[in-house]
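All remarks here apply to the structure that follows.
Number of protein chains: 2
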Amino acid sequence: MFIGEYSHNLDAKGRIIIPSKLRNELHSSFILTRGLDNCLTIYSLEQWEKIFIEINKLPTTKKATRQYIRVLTSSACECTLDNQGRILIPTNLAEPLGIKKEVTIIGANDHIEIWDKKTWDEYIDEADKSFEDVAENLSDLLDND
Amino acid sequence: MFIGEYSHNLDAKGRIIIPSKLRNELHSSFILTRGLDNCLTIYSLEQWEKIFIEINKLPTTKKATRQYIRVLTSSACECTLDNQGRILIPTNLAEPLGIKKEVTIIGANDHIEIWDKKTWDEYIDEADKSFEDVAENLSDLLDND
DNA sequence: TGGGAAATGTTTATAGGTGAATATTCGCAT
DNA sequence: ATGCGAATATTCACCTATAAACATTTCCCA
Chain A
6 MFIGEYSHNL DAKGRIIIPS KLRNELHSSF ILTRGLDNCL TIYSLEQWEK IFIEINKLPT
66 TKKATRQYIR VLTSSACECT LDNQGRILIP TNLAEPLGIK KEVTIIGAND HIEIWDKKTW
126 DEYIDEADKS FEDVAENLSD LLDND
Chain B
6 MFIGEYSHNL DAKGRIIIPS KLRNELHSSF ILTRGLDNCL TIYSLEQWEK IFIEINKLPT
66 TKKATRQYIR VLTSSACECT LDNQGRILIP TNLAEPLGIK KEVTIIGAND HIEIWDKKTW
126 DEYIDEADKS FEDVAENLSD LLDND
């Protein structure tokens, strides 16, 4: 499971180091694509397939389904770690999210997310306001036996 | 069950010793994450997994679910006791709580908490004053279920 | 075919993490 | 009170991860 928050910088060529702790749980090849809430998402190949098993259950006759599939697949790219543990973020993925230099990489349970630092700070700032609520639910989850 | 209050100092590299009395009931690996009221919490791996069994049932297509997962996972880190009984507190966890050197480690029933000493002193000072009042109201909490 | 830009790969310096050794303190038992 | 052993504090040394600069290759276009 992917956990933790890590700060990294794009190098001059638009590459970032994937934190070693996250790398340990990742195969050398994976899918980088658009995530929800203005971040990029890394899925393992296995998981990527799983997602499409679910998606293929949705009716392509619906506008929303087609749109979702198009965004997800058109922006997806298969990435490979180089031997320094880096990946190249394609410009067409980085640019719309304002990713230039400082990024925050987070473990998010079953996947990894890459955020522009500023965007992340604002997001988590907002989310923190409801942290106490989150934590209370948490203890409920533990107690319910 | 974890009990007691212990004072310890971070070393130059940001590590603390987990008190030996607490260590006895702890496996060598566990999850360190944000707790309520400005402290850090240690969960066993079993407790942590239990939480995510529940969380994995929630739909990630919902905004609130994603926020919930991100708050939890990004602030978590898996810690391992080194052979002197120490763990490293990651900067991104220590800093927002003002943890620099002096910390108070307390046993809190089913988990362990790590506090900045000053924060703890103030908290317990306040809590002591209202100890009887709080106790008085506790039974109400039970009735309301 | 040569020049240049982009992509890819390598090297090196530094910081941060990890492990070990030693010194010191503390509690317990004699 | 004294001595012993365990627990804790502190220091040092090493190693890995990261950052940044630099070198090489590839490929497109003039």
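Protein chains in written order, with our numbering: chain A, 6 to 150; chain B, 6 to 150. Just so you know, even glycine gets a beta-carbon here, dropped at the ideal spot from N, CA and C. These numbers were taken from a predicted model, which means no experiment stands behind them.
For chain A, is any of its Cβ atoms less than 7 Å away from the one on B:Ser79?
-> yes
Where the beta strand (DSSP E) containing A:Phe35 begins and where it ends | Ser34 to Arg39
Amino acids of chain B, ordered along the chain, whose beta-carbon sits closer than 8 Å to that of A:Ile129 | Arg75, Val76 and Ser79
For a contact meaning CB atoms closer than 8 Å, what does A:Leu143 contact in chain B?
-> Ile56 and Leu77
Own chain partners of B:Gly112 with C-beta closer than 7 Å, once the 5 adjacent residues on each side are dropped = Phe7, Ile8, Gly9 and Leu27
Short-range partners of chain A found in the stretch 89-122 of chain B, where Cβ spacing is below 7 Å | Asn97
Quick one: which chain B residues come within Cβ less than 9 Å of A:Gly151?
-> It is not possible to answer for residue 151 of chain A, since the shown part of chain A is limited to 6 through 150.
Taking the runs of the alpha helix (DSSP H) that are 4 residues or longer, which of them lie wholly in the stretch 96-137 of chain B?
-> 96-99 and 122-134
Mind checking whether B:Glu107 and B:Thr46 have CB atoms under 7 Å apart?
-> no
Are the CB atoms of A:Ser80 and A:Thr38 nearer to each other than 7 Å?
-> yes
If you count every other CB in all the chains shown that lies within 10 Å of the CB of B:Phe136, and 16 or more means buried, which is it?
-> exposed
With C-beta atoms as the reference, is B:Phe155 less than 7 Å away from B:Cys84?
-> The structure shown has nothing for residue 155 of chain B, since chain B only spans 6 to 150.
With B:Glu59 as the anchor, note down where its alpha helix (DSSP H) starts and where it stops.
-> Leu50 to Ile60
Flag this pair as yes or no: are the beta carbons of B:Tyr48 and B:His116 separated by less than 7 Å?
-> yes
For A:Asp145, the nearest candidate out of B:Glu59, B:Asp42, B:Thr66 and B:His13 (CA to CA) | B:Glu59
Please determine, among B:His32, B:Leu147, B:Lys68 and B:Val76, the residue with the shortest C-alpha to C-alpha distance to B:Asp87.
-> B:His32
For A:Asp16, the nearest candidate out of A:Ile94, A:Ser25 and A:Glu100 (CA to CA) | A:Ile94
State the Cα-Cα distance for the pair A:Leu41 and A:Arg75, rounded to the nearest angstrom.
-> 14 Å
Outcome for A:Pro24 when other beta-carbon atoms lying within 10 angstroms are tallied against a minimum of 16 | buried
Beta-carbon gap between A:Leu102 and A:Asp130 smaller than 7 Å = no
Along the stretch 10-34 of chain B, what residues have a CB closer than 8 Å to any CB found in chain A?
-> none
At 7 Å on the CB atoms, spell out the chain A contacts of B:Leu41, in chain order.
-> Glu137 and Ala140
Considering B:Leu93, what are the terminal residues of the beta strand (DSSP E) in which it resides?
-> Arg91 to Leu93
Chain-ordered chain A contacts of B:Cys82 [CB-CB under 7 Å] = Ile8 and Gly9
Taking the continuous alpha helix (DSSP H) assigned at B:Ser12, which residues delimit it?
-> It is not in any alpha helix (DSSP H) - B:Ser12 instead sits in the beta strand (DSSP E) that spans Glu10 to Asn14.
Between the Cα of B:Ala69 and those of A:Val139, A:Leu143, A:Asp148 and A:Leu147, spot the shortest distance and give me the residue it belongs to.
-> A:Val139
Do we get a CB-CB distance below 7 Å when we pair A:Ala132 with the residues of chain B?
-> yes
Close Cβ partners of B:Ile104 (< 6 Å) along its chain, the five nearest in sequence each way excluded | Asp121
In terms of alpha-carbon separation, which member of B:Lys123, B:Ile21 and B:Thr66 lies closest to B:Gln89?
-> B:Ile21
According to the Cβ coordinates, are A:Asn43 and A:Thr96 closer than 7 Å?
-> no
Which first and last residues belong to the alpha helix (DSSP H) in which B:Thr65 is found?
-> Looking at the DSSP string, B:Thr65 is not in any alpha helix (DSSP H), and its letter there is neither H nor E.
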